[in-house]
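K.L.:
Under UniProt numbering, the first residue of the sequence shown is numbered 1, with each subsequent residue one higher. Here you go, one structure.
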Amino acid sequence: MRRWVHWELVTGVPLPQKLGFDAVFFARIDYQDRKKRFADKSLEVIWRGSRTFGSYSQIFAGAFPSHYDPPNGFYFDVTGSDSPVQDDPLLYDYNVNGRVNDFIDAAMAQANVTQTNHIMWTMGDDFQYQYAESWFREMDKLINYVNKDGRIHALYSTPSIYTDAKYASNEAWPLKTDDYLPYAKDPYTYFTGYYTSRPTFKRFVRVLSAYYLAARQIEYLVGRELSTPLTYPLGEALGIAQHHDAISGTSLLHTTNDYAKRLAYGASQAEKFINHAIPCLTNPTGRCDFSLPSKTLSQCNLLNITYCPATEEISGGNSLVMLVYNSLGWNRTEYVKVPINDKQLVVRDANGKFIETQIIEMDNATTKIRNFYVKAYTGEFPKISPTYWLVFQIHVLPLGWNTYFISKTSTKGGSNSNGYTSTISATDNDTVEIGPGPLKVAFSATSGQLNRVVNYRTGVDIQVQQNFLWYGSSPGDKQANQNSDAYIFRPDGAPPTAASASVAMKVIRGPLVDEVHQQFNSWINQIIRIYKEKETVEFEYTIGPVSANGVGKEVITRLTTNMVTSGIFYTDSNGRDFIKRVRDHRKDWNLTVTQPVAGNYYPLNLGMYTEDKNYELSILVDRACGGSSIHDGQLEIMLHRRILDNGFLGEPLNETVCVDEICQGLTVRGNYYMNVHQLGNGAQWRRTNGQHIYSPVLLAFASEDERSWKSSQITMATTMDPSYSLPHNVALITLEEVDDGTVLLRLAHLYEAGEDVQNSVLAKVELKKIFAQKTIKEVKETSLSANQDKSGMKKMNWRVEGDGADHPAPVKGGPVDMSAFIVELGPMEIRTFLLRF
């Protein structure tokens with residue numbers, strides 16, 4: 001916990017000979033010759049972080065050279081040992097003058113690295129204010145006696161007051177256009193490990209974030225009822241999980257478990273609500289009474305480890321109803337995989353038409369982890385274990401749903417013309433190629449490893465090798481007593497160890513999907529698959545328990561190509577802008593390379609890509625993680641970390657999962673996605689598929705007769721105008737009802753300026769067609785967080801050093817047309833509205 005205290009330097013006091021820079025935050029005394037003496041030391045800048053918006057989205061920003069705490073000597077928590085202000089002159093340890101001088105010395109040190117006569121102290125730190133009175137008592141005394149001294153004026157402040165004071169000076173500030181990553185506190189301590197720490201928790205947050213958005217949509221569509229389970233508990237748990245020591249994976253394990261417990265409870269409440277609300281949503285009468293019993297639905301939240309009782313227990317003559325909800329504003333075609341025990345099944349759509357299916361035998365890696373993790377999550381072993389995956393294609397309208405019916409086949413012999421059971425293919429040739437469409441991936445039949453990606457439609461042909469490797473975690477050495485930990489990525493300096501040179505491989509083909517099953521070693525397995533009509537290579541990895549052998553391991557997947565990339569690659573910024581990264585380079589200063597691997601790692605939320613003069617290679621991820629390009633033509637992603645040495649937290653990053661008396665290291669299952677394109681053509685794949693990955697379709701199941709369900713429910717519909725979907729370059733970010741009954745709508749343009757010829761253009765959204773079943777009464781645009789009217793927002797036009805040029809205005813949407821209710825969005829623009837009907 002922290003408090004802001006604002007100091008104003010009111011006189012030109014000579015700087016001390018020695019400045020305590022280890023105690024500096026940001027500030028610099030306002031001398032006349034400051035530009036000459038300190039121009040290279042200002043840590044407060046005007047930051048233009050967007051190539052699209054440039055000077056039109058600049059903000060006043062700064063960095064703390066040390067930490068977000070007070071200067072040394074000014075910790076006043078009850079557990080601290082710093083000297084309090086003793087202001088009783090009758091006592092022997094009276095120290096007002098000394099403490100005032102200490103204060104001024106610390107302020108002068110901070111003043112050395114900023115402009116104007118205003119500086120800021122953040123009074124507090126992690127785990128502080130256990131007894132707030134001890135803090136406020138000492139700060140009250142300091143403010144009183146420092147102000148009596150007169151050299152500095154002190155006051156309680158806020159970031160807004162401080163920023164207003166800086167702005168009022170009309171100073172010209174240094175300009176920064178790149179970001180602040182990667183962050184290091186010394187040459188051997190790079191905070192790039194937390195990008196990947198606790199990868200299963202990161203995925204839990206990601207999955208539930210999308211689940212929450214879909215739940216809030218359904219809550220709005222059926223109407224909120226306070227008597228039913230609501231989505232609030234999940235929203236609150238997700239909010240807490242955004243803490244910088246939660247989603248980052250840098251909490252103690254028992255604290256992380258508490259975050260996960262809160263998330264699980266919130267998810268259970270949202271699940272109860274959705275199961276109750278969907279029959280209301282599909283009710284043809286449009287009426288919904290939450291007090292009455294409804295149809296019994298279930299969901300399968302452990303589907304990634306094949307646990308789905310609803311589909312595993314299909315038997316007899318009843319159909320299994322599967323309702324699919326699409327939270328995106330686009331028409332959607334996807335493939336669904338559900339675990340089954342009986343391969344004599346058929347699937348019909350809402351119109352009764354047979355759907356083509358493919359049945360795949362369950363892989364060994366999945367079977368191995370299933371029972372252990374189902375018991376760990378649910379508290380009991382599953383009664384049965386599925387034998388197969390059932391795969392079929394689904395189509396869903398935007399902001400709508402569709403219904404499918406899975407049942408036993410009535411055909412003697414147990415098959416139908418629309419079903420296909422996959423078989424293992426022979427590998428007689430030196431090269432094995434899979435892919436039911438124009439996108440193909442080829443493997444060496446000898447080594448079992450990927451070696452080529454070809455898209456026959458676009459003419460792209462790239463040599464691509466893929467392997468798993470791990471960096472050994474440094475325990476500290478002569479250069480620095482710093483080991484890898486939850487925060488820090490510090491490899492031991494040796495080249496990463498390859499998981500295997502020869503990979504056991506099994507090839508499965510079918511009309512809907514081709515797969516290659518690979519086993520790299522006893523604890524790394526992977527499935528590479530390509531679906532029909534999907535020009536995407538999907539990698540599904542299962543890593544763990546990571547073999548320890550006394551050495552921490554930081555596990556990566558690496559793609560190696562023959563592309564000439566010149567040390568350049570691109571990573572996303574919070575899933576929005578893609579930022580150019582240059583290996584071993586910093587735009588703001590000359591970098592001395594001490595950590596050639598950790599110092600080149602960057603966070604990935606959406607993905608990364610690299611390019612040469614002909615092609616682009618792109619990767620999308622299913623959770624936050626770290627990635628880099630350590631050598632030309634390569635992209636790598638860190639997927640798992642098991643570190644045995646204690647770090648800053650006082651415990652190792654060595655997650656275990658226990659069932660009864662058996663404990664084992666954490667196993668991680670996840671996906672990443674790859675594609676290749678001609679140069680300049682990859683953006684559409686990254687942007688569209690990024691939305692699909694983030695917001696998968698929501699599945700709900702009911703064990704009910706097909707005829708009965710059809711007679712009482714709408715099987716296929718959209719809540720929008722049936723002829724409308726959002727433009728391809730616009731995403732629906734938020735649709736929810738807020739406390740006062742208004743509806744919050746948030747729309748985002750997905751493309752940067754110049755990123756894509758077709759899509760980096762002004763987009764228009766028709767609100768009347770999104771809300772086709774309602775009459776819009778009022779539309780009010782707000783700030784991004786919807787806590788103030790946009791018309792009342794204040795824009796600060798900061799001056800920038802050496803910036804006299806006029807900048808072209810970005811393409812931005814104009815005011816909402818209040819008669820046609822059309823919203824415009826320019827590239828990278830996000831607009832938020834409150835609507836009344």
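For each residue, glycine too, the CB sits at the ideal point set by N, CA and C. Fair warning: this is a prediction, and the values are worked out from it, not measured in the lab.
#1: Per DSSP, what are the beta-bridge partners of HIS395 in this structure?
#2: Quick test of your reading: GLU616 and SER407, contact by CB under 8 angstroms. State the CB separation rounded to the nearest angstrom.
#3: Mind pulling the beta strand (DSSP E) runs of 3 or more residues that sit fully within the region 279 to 326?
#4: Kindly give me the distance between the Cβ atoms of residue 882 and THR122, rounded to whole angstroms, as I take these residues to be in contact under 8 angstroms.
#5: Closer than 6 angstroms by C-beta to SER415: which residues in its own chain qualify, once you throw out the five before and the five after it? Chain order, please.
#6: In angstroms, rounded to a whole number, what distance separates the CA positions of PRO438 and VAL391?
#7: Taking the alpha-carbon of ASP164 as reference, which of TYR570, GLY124 and MET796 has the nearest alpha-carbon?
#8: What does DSSP give as the partner residue(s) for GLN664 in the beta ladder?
#9: Does DSSP put ALA27 in a helix, in a strand, or in coil?
#10: So if DSSP puts ILE770 in a beta bridge, which residue, or which two residues, is it bridged to?
#11: Would you mind reading off the limits of the beta strand (DSSP E) that contains LEU825?
#12: Just mark LEU784 as buried or exposed, buried being the case when its beta carbon has 16 or more other beta carbons within 10 Å.
#13: I need the straight-line Cα distance from TYR56 to TYR307, nearest angstrom please.
#14: DSSP three-state call for ASP22: helix, strand or coil?
#15: Which residues in the same chain as ALA598 place their Cβ atom closer than 7 angstroms to its Cβ, once the five residues preceding and following it in sequence are excluded?
#16: Considering only residues of the region 172 to 253, which uninterrupted beta strand (DSSP E) runs meet the minimum length of 3 residues and lie entirely inside it, listed in chain order?
#17: What is the DSSP secondary structure of LYS532, counted as helix, strand or coil?
#18: With VAL453 and VAL537 assumed to form a contact (beta carbons below 8 angstroms), what rounded beta-carbon distance in angstroms separates them?
#19: Buried or exposed for ASN729, please, with buried defined as at least 16 other CB atoms from any protein chain shown within 10 angstroms of its CB.
#20: Could you say which of LYS261, ARG370, SER160 and GLU380 lies nearest to ASN668 if we only look at CA atoms?
#21: Pull up the distance between the alpha-carbon of TYR75 and that of GLN128, whole angstroms please.
#22: Between the alpha carbons of ILE355 and VAL346, how many angstroms are there, rounded?
#23: Please work out which residues of its chain come closer than 8 angstroms, Cβ to Cβ, to SER447, disregarding the five sequence neighbours upstream and downstream, and give them in chain order.
#24: What separation, rounded to the nearest whole angstrom, lies between the Cα atoms of ARG472 and HIS631?
#25: Output needed for GLY366: all residues of its chain with C-beta closer than 6 angstroms, excluding positions within five of it in sequence on either side, in chain order.
#26: Run through DSSP, which three-state label would MET818 get?
#27: So, helix, strand or coil for SER447, using DSSP?
#28: Given a threshold of 16 other Cβ atoms within 10 Å of its Cβ, counted over all protein chains shown, does GLU704 qualify as buried or as exposed?
#29: According to DSSP, which residues form a beta bridge with LEU762?
#30: Let me make sure I understand the geometry here. Which of ASN654, LYS812, ARG576 and ASN614 has the alpha-carbon closest to that of ASN549?
#31: Under 8 angstroms: do the region 755 to 767 and the region 233 to 241 share three or more Cβ pairs, one atom per stretch?
#32: Who are the Cβ neighbours of SER695 in its own chain at under 8 angstroms, not counting the five residues just before and after it?
#33: Bridge partners for ALA498 per DSSP, in chain order?
#34: Please give the ranges of any beta strand (DSSP E) in the region 330 to 384, keeping only runs that are unbroken, at least 3 residues long and fully inside the region.
#35: Under a Cβ-count criterion, where at least 16 other Cβ atoms within 10 Å of its own Cβ denotes burial, should HIS677 be classed as buried or exposed?
#36: Roughly how many angstroms separate the alpha carbons of VAL823 and VAL336, rounded to a whole number?
P.N.:
Quick look at the numbers:
#1: THR333
#2: Wrong, their Cβ atoms sit about 44 angstroms apart, outside the cutoff.
#3: 320 to 326
#4: Residue 882 is absent from the structure shown; the chain starts at 1 and stops at 837.
#5: Residue placement at SER415 is flagged as unreliable, the pLDDT there being 49, under the threshold of 50; a coordinate-derived value is accordingly withheld.
#6: 20 angstroms
#7: MET796
#8: VAL657
#9: Legend: pLDDT at ALA27 = 28, less than 50; position of this residue unreliable, no value from coordinates given.
#10: None, per the DSSP bridge assignment.
#11: 822 to 825
#12: exposed
#13: 50 angstroms
#14: Annotation note: pLDDT 23 at ASP22 (below 50); position unreliable, coordinate value reported separately. It is helical.
#15: TYR190, THR192, PHE489, ARG490 and PRO491
#16: 184 to 186
#17: coil
#18: 7 angstroms
#19: buried
#20: Checking the sequence shown, residue 668 turns out to be Val, not Asn. It is ARG370.
#21: 9 angstroms
#22: 8 angstroms
#23: ALA501, SER502 and VAL503
#24: Contrary to the premise, residue 472 reads as Gly rather than Arg in this sequence. Between GLY472 and HIS631, the C-alpha separation is close to 18 angstroms.
#25: One detail in the question is off: residue 366 reads as Thr in this sequence, not Gly. Excluding positions up to five away in sequence, the list reads THR306.
#26: coil
#27: coil
#28: buried
#29: Answer by DSSP bridge pairing: none, since LEU762 is not bridged.
#30: ASN654
#31: no
#32: ALA210, LEU213, ALA214, SER327 and LEU328
#33: LEU469
#34: 332 to 340, 345 to 348 and 357 to 361
#35: buried
#36: 34 angstroms
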